[in-house]
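Below: one structure, written as structure tokens.
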Amino acid sequence: MGDVWSARDRDLLEALQEMWSHRDPPPAGLADDLIAVLAGAGLEEDWELLRLVGGDLTGIRSSSEVSTFEFDLGSVSVVVRLAPESPSSGRLDGWLTRAGDPGDAEYPPGRVVLVIDDAERVGVIDAEGRFEFSGIRGDHWRLRFLAPDGARRFQTPDMPL
752 MGDVWSARDR DLLEALQEMW SHRDPPPAGL ADDLIAVLAG AGLEEDWELL RLVGGDLTGI
812 RSSSEVSTFE FDLGSVSVVV RLAPESPSSG RLDGWLTRAG DPGDAEYPPG RVVLVIDDAE
872 RVGVIDAEGR FEFSGIRGDH WRLRFLAPDG ARRFQTPDMP L
């Protein structure tokens, strides 16, 4: 099968691509956003939606890069904020919410497991649905949420750190 584009067509398409690259460049962080979405797309977990809420956000006390992810599964949402803590480590703060939650609902006690590369750290989900991990290092992370009896409830996809 031969080339369907003539040399003139290819030149025109290249000129259009160059023009639009200058007039309407892709948003900063688009590639990272797409990687995050694709990382969650093919997993066998029950996650319906993974979206990068913000990539280049400014922290309250710092101008360092902060990433915020939101994972939605039916009636439960998880918001995760990753921020640098020092030049060699980071901090993860997370919140569980329920659809239609007025914000003052109490959550049953539970545990969250942060899996970074092959290491695991266990944290506690408080009554407001909040959890945190500091001093994190590694390449990839995911969270597993456990019921009080230890049964796995759900898990996030593997994400780059």
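One rule links them: number in my numbering = place in the sequence shown (from 1) + 751.
C-beta: ideal position from N, C-alpha, C; glycine also.
Limits of the unbroken beta strand (DSSP E) element including A834: Its beta strand (DSSP E) spans residues V827 to S837.
Use the C-beta contact count for L833: other C-beta atoms within 10 angstroms, 16 or more gives buried, fewer gives exposed. Taking a 10 Å sphere around the C-beta of L833, we find 16 or more other C-beta atoms and assign the residue as buried.
Contact under 8 Å by Cβ, F884 with L865: Note that the C-beta distance between F884 and L865 is below 8 Å.
DSSP state of A898 mapped onto helix, strand, coil: A898 falls in the coil class under three-state DSSP.
Based on DSSP bridge pairs, tell me the residues matched to W771. Beta-bridge annotation (DSSP): W771 is not paired with any residue.
Quick one, which of R893, L912 and D877 has its alpha-carbon nearest F822's? Out of R893, L912 and D877, R893 has the C-alpha closest to the C-alpha of F822.
Under the three-state reduction of DSSP, which class applies to R761: helix, strand or coil? Correct three-state label for R761: helix.
Integer-rounded CB distance, given that L847 should sit under 8 Å from I887: About 19 Å; that fails the 8 Å criterion.
6 Å Cβ shell around R881 - same chain, five flanking residues per side excluded: So the list reads W846, once near-sequence residues are dropped.
For the beta strand (DSSP E) containing V873, list its first residue and its last residue. Looking at the DSSP string, the run of the beta strand (DSSP E) that includes V873 is A870 to I876.
Let me know if M910 comes out buried or exposed under the rule of 16 or more other beta-carbons within 10 Å of its beta-carbon. With 16 or more other Cβ atoms within 10 Å, it is buried.
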